[in-house]
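Here's the structure, in structure tokens; my notes come after.
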Amino acid sequence: MNKKVSILGIFILIMIIIITFGYRKLGTIEDKIKLQEEDKYFKYYSNENDSKAIKELSEVLNDNYSAITERFDTNLETKVEITIYPNIKEFHKAIGNEDASDGIVGVAYDNTIKMVSPLNPGSIHNKESLLKVIVHEFVHIVTFNINNKKENNIPTWFMEGVSVYEANQITDYEKKAIRENLYQNTDITIDDINDNFYNNQFSYLYSGSIVGFIVNEFGYEKLIQVIKSPNDIENILDLSIEELKNNWINYVEKNYK
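The numbering used here applies: residue 1246 is where the sequence shown begins, and numbers increase by one.
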């Protein structure tokens, strides 16, 4: 009997050791992600390997920080925390959307940005496009800061459009594509763009283009007013939503060659 108890005790001890050290060795992605660098405006979290990408991300963000905050006449009271995930799968798991498209590589909320490492961008993006994504997500933080109710009352098309425009994510080739697509879809409405935002590949481009029109036609002062009170956009711009759409299409026809 004592022998059986002794053997059972040894077995249990071995299992405890295996489980304890096994989990410690494997860990989780979150366990391996630590603060790697901190500068005047940002904190960067990643695993050791992805810390190599922080230098470029930091340069891009700090090059854009002053220009963006000055254009939007705002100041951020705390540092923005940026967490970099080693691959698409781990990033999607971290944001609670494991079935997301590889096109989803960054998110922003409150004072936090989460994104995929530029060293492993997945099947759709590349390193260069991810350096624009980080600016795109930072602009979301700035937008949330201006809009006291955060993103809850900002239409998707407008929120994303501001970031697309400020991150300079519309290429000359894409401008031509926007023009050609609008020529075939002149009956599209801004509500259509907003309501089907994630089901239309042109939604981001359209939105960034509309915001570009607003900036060029009305200036940043009006854009900031719309960010503060998005539901009052028609009064601020002195245009109905339908007139905004029509004027935008005319703008595209004249300027996107």
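Using N, Cα and C, we set each Cβ at its ideal position, and we do this for glycine too. Every value quoted in this text rests on a predicted model; they were computed, and no experiment measured them.
Query, Result
"Other residues of its chain near TRP1493: CB distance less than 8 Å, five sequence neighbours each side excluded", "SER1454, ILE1455 and PHE1458"
"Any beta strand (DSSP E) of 3 or more consecutive residues that is wholly inside the segment 1431–1501", "none"
"ILE1399 versus LYS1377: straight-line alpha-carbon distance, rounded", "22 Å"
"Rounded separation between ASP1355 and SER1474 - CA only", "18 Å"
"Where SER1296 falls: helix, strand or coil (DSSP)", "helix"
"LYS1421 to LEU1280 span [Cα, whole Å]", "42 Å"
"Strand pairing of PHE1287, partner residues [DSSP]", "VAL1325"
"First and last residue of the uninterrupted beta strand (DSSP E) at THR1357", "1357–1361"
"Chain-order list of residues whose beta-carbon lies under 8 Å from that of HIS1381 (same chain, five-residue window excluded)", "GLY1351, SER1408, VAL1409, GLU1411, ALA1412 and GLN1414"
"Whole-angstrom distance between ASN1309 and TYR1289, CA atom to CA atom", "16 Å"
"Per-residue burial, PHE1392 [other beta carbons within 10 Å of its own, 16 or more giving buried]", "The question names Phe, yet the displayed sequence has Asn at residue 1392. Flag for ASN1392 reads buried."
"Collapsed DSSP secondary structure at GLN1414 in the structure displayed", "coil"
"The segment 1353–1368 / the segment 1432–1440 touching (three or more Cβ pairs under 8 Å)", "no"
"Euclidean distance between Cα positions of GLU1462 and ASP1483", "12 Å"
"The segment 1339–1348 / the segment 1293–1313 touching (three or more Cβ pairs under 8 Å)", "no"
"Counted within 10 angstroms of its Cβ, other Cβ atoms place ILE1423 as buried (16 or more) or exposed", "buried"
"Buried versus exposed call for GLY1406 [16 or more other C-beta atoms within 10 Å across all chains shown]", "buried"
"Spatially closest choice to VAL1325 from GLU1293, ILE1481 and SER1303, by CA coordinates", "SER1303"
"Residue range of the alpha helix (DSSP H) that includes ALA1339", "1333–1339"
"Secondary structure of GLY1348, DSSP reduced to three states", "coil"
"Three-state secondary structure assigned by DSSP to GLY1267", "Low local confidence applies: a pLDDT of 48 at GLY1267 is under 50, so the model's placement there is unreliable, with the coordinate-based value given in what follows. Looking at GLY1267 - three-state DSSP - the assignment turns out to be helix."
"Pairwise C-alpha distance: ILE1379 and ASP1295", "15 Å"
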